[in-house]
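Since the structure comes first, as structure tokens, the remarks are kept for the end.
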Amino acid sequence: MALLEDSTLSLQLFSHSTKSHDIYSTTIKTPPHAYAHLELITTATQELVLDELMLRQFLTSALRQFLGLTGMGIPIDILKVAGRECWVRMPRQDLGAFSSALTAWTGSGPVSGIRICAAGDWLGALVGRHDQQKIWGGP
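Throughout the sequence shown, residue numbering follows this note's numbering, covering 217 to 355 in sequence.
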């Protein structure tokens, strides 16, 4: 009988000590930055390796040619350069002007332009899409 009373007592204590948990969620509606995955397009037969200074020069040239001083004032952060590909960050509201400038820009010499592989508000989505294309044999 003592065992039964102990189990009833512990069951009552357990049922009184549990509380429901409030689930909290939030949505970020407008992230402050946009991201772009870019690829250098060349006409040279030999491999042209892109570095940060060369990329900065190409981006500045494209923005200056298309938007003038306003384009040069767009702050662009170079996040990563790997071979002919790179990832950059800019203010979200400037993504449209940035992509228009790169689309209209024609390079000089062996560089014929810069292709926008992907662009969006979330860097993780761009990197994930890029890695998925590599796995399944995409371009």
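No residue lacks a Cβ here, since even glycine has one placed at the ideal position from N, Cα and C.
Chain-order list of residues whose beta-carbon lies under 8 Å from that of residue i (same chain, five-residue window excluded)
i, result
"GLY344", "none"
"PRO248", "PRO307 and ARG308"
"ALA320", "ALA278, GLN281 and PHE282"
Whole-angstrom distance between residue j and residue i, CA atom to CA atom
i, j, result
"PHE282", "ASP347", "31 Å"
"THR259", "PRO326", "5 Å"
"ARG331", "ILE244", "29 Å"
"LEU339", "ALA252", "8 Å"
"ALA341", "ALA313", "21 Å"
"PHE262", "GLY336", "At residue 262 the sequence reads Gln, which differs from the Phe that was named. Each residue's Cα considered, the two are about 31 Å apart."
"SER324", "MET270", "12 Å"
"LEU254", "GLY329", "10 Å"
"ASP238", "GLY287", "47 Å"
"LEU311", "LEU275", "13 Å"
"CYS333", "GLU268", "18 Å"
"THR242", "GLY289", "33 Å"
Identity of the residue in the options nearest residue i by Cα
i, options, result
"THR322", "THR286, GLN262, LEU256 and ALA341", "LEU256"
"THR273", "ILE294, ALA335 and ALA313", "Sequence inspection shows Gln at residue 273; the Thr mentioned does not correspond to that position. It is ILE294 whose Cα lies nearest to the Cα of GLN273."
"LEU264", "SER316, ARG280, ARG308 and GLU301", "GLU301"
"THR246", "GLN309, CYS333 and ALA341", "GLN309"
"ALA250", "SER328, SER315 and ALA320", "SER315"
"GLU279", "LEU269, LEU254, LEU271 and ALA317", "The sequence shown places Leu at residue 279, rather than the Glu named in the question. Of LEU269, LEU254, LEU271 and ALA317, the residue nearest in Cα terms is ALA317."
Sequence-distant residues of its chain with Cβ nearer than 6 Å to residue i (five each side left out)
i, result
"GLY299", "none"
"GLN266", "Here residue 266 turns out to be Leu, not Gln, going by the sequence shown. LEU256, VAL297 and ARG300, listed in sequence order."
"LEU285", "none"
| message | Can you confirm whether the segment 303–310 touches the segment 284–294 when touching is taken to mean that 3 or more C-beta pairs between the two stretches lie within less than 8 Å? | response | The segment 284–294 makes contact with the segment 303–310, as at least three CB pairs between them are under 8 Å.
| Can you give, in chain order, each stretch of the beta strand (DSSP E) that sits fully within the segment 242–307 and has at least 3 residues? | Every unbroken stretch of the beta strand (DSSP E) spanning 3 or more residues and falling wholly within the segment 242–307 is given here in chain order: 249–258, 293–298 and 301–307.
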